[in-house]
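Residues 416 to 521 in this note's numbering are what the sequence shown lists, from first letter to last.
Every residue, glycine too, gets a C-beta built ideally from N, C-alpha and C.
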Amino acid sequence: AQGSYPVGVGQTYGKARSDFANGRCAIYITWPSGGPWSIKKDTNGQYPYVHGRMGVANIPGSPVVLNRRTGKLVKCAPETCLHAVDPVTGVYDGINKIAWYANGGM
């Protein structure tokens, strides 16, 4: 099986996107803009390979957070991990997640 291209060795954003759309790579991490092009037909009226085959997931979180005062990683607590709330239930789950990561909001 062919692996990914090392950074700087012929791989570009456009090539990675094309490889994913045409079924030549299994995982493609991108900002939310990865969805719209997966449903657009090309100039021949064909959908990309990934049409109807693509799923999305959140970026994984962490059960620890950096204590900036001490420089040490500490276990999440409600007062230190403000984004450790399950988005479905609204219940604190101890896994700190990125609050907003689209369009430079990280």
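Quick one: what does DSSP say residue i is sitting in, helix, strand or coil?
i    : result
Y428 : helix
A441 : coil
DSSP has residue i in a bridge; who is on the other side?
i    : result
K490 : V479
Y507 : V500
Quick one: what's got a C-beta closer than 7 Å to residue i's C-beta in the same chain, skipping five residues either side?
i    : result
K522 : It is not possible to answer for residue 522, since the shown part of the chain is limited to 416 through 521.
N482 : V489
D434 : C440
Please work out which residues of its chain come closer than 6 Å, Cβ to Cβ, to residue i, disregarding the five sequence neighbours upstream and downstream, and give them in chain order.
i    : result
R432 : none
T495 : V480
Y443 : F435
Quick one: what's got a C-beta closer than 8 Å to residue i's C-beta in the same chain, skipping five residues either side?
i    : result
G467 : none
H498 : G476, N511, K512, I513 and A514
Would the segment 493-510 and the segment 467-478 be scored as touching if the rule is three or more Cβ pairs under 8 Å? yes
Which ranges would you report for the beta strand (DSSP E) in the segment 450-487 if only whole runs of at least 3 residues count? 479-482
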